[in-house]
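Add 7 to the 1-based position in the sequence shown for this note's numbering, that's all there is to it.
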Amino acid sequence: MTRLAVELANTGTLNQDGELVAAFFAEHEITPPPDGEYGDLPDLVRTALAQSVDGAAPDAVHRLLRDYPPDMHLSDHDGGWHIHFSRNGTPAKRWAGQLIAAKLALVAAGDPAVTLGRCAAAGCGNYFVDQSRNRTRRFCSNACASRTTVAAYRARAAKNS
């Protein structure tokens, strides 16, 4: 669920992950917006992630909880009981808002299972969920990591010539 928040913040939509998101929506009877438009939700999620990564007060998470209050309930749709934060069939923007509001509230409260970060590559600024063993991930993708490594190598080579 936190990956959905990161994807929405980084891309402005939830269609970028292709089949994974389509399957997730289908499983929960959600019809994505035909234009991929989520209104102001991506900006609000981006602000919430920034506040979380920067250690600031979670004002945007409070707003998410106010604007998209989670509808917590138990579900056993896949054979085991687990918590859902939105009802199947809810309109996509509301469903995503409720899910993300609940998960980012748990992150703001100190969920030790989730570590968020902002890409350290110059000019990037994308967010990521750090699932590395020692929680030391610095880049949103291998492309950003490689670009940074190559730039550092070239800077050293130019300095030594």
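Ideal Cβ placement from N, Cα and C applies to all residues, glycine included.
Who are the Cβ neighbours of Gly-19 in its own chain at under 6 Å, not counting the five residues just before and after it? Pro-49
By a C-beta neighbour count over all protein chains shown, 10 Å radius and 16 as the cutoff for buried, is Gly-46 buried or exposed? exposed
When the Cα of His-35 is compared with those of Ala-109, Ala-116, Thr-97, which residue comes out closest? Thr-97
With Val-136 as the anchor, note down where its beta strand (DSSP E) starts and where it stops. 134-136
Please confirm whether Tyr-75 and Ala-108 have their CB atoms less than 7 Å apart. yes
Neighbour-count burial assignment, Glu-14, 16 or more Cβ in a 10 Å radius: buried
Can you tell me which of the three DSSP states His-91 falls into? strand
My assumption, with CB atoms under 8 Å, is that Lys-110 sits in contact with Ala-12. Please give the rounded CB distance. 6 Å
Among the candidates Glu-44, Leu-71, Pro-40, whose CA atom is the shortest distance from the CA of Leu-5? Lying outside 8 to 168, the shown extent of the chain, residue 5 is not represented and no answer is given.
Along the chain, where does the alpha helix (DSSP H) that runs through Arg-163 open and close? 149-167
What would DSSP say about Ser-82, mapped onto helix, strand or coil? strand
Quick check: the stretch 37-45 against the stretch 89-104, are there 3 or more CB pairs under 8 Å? yes
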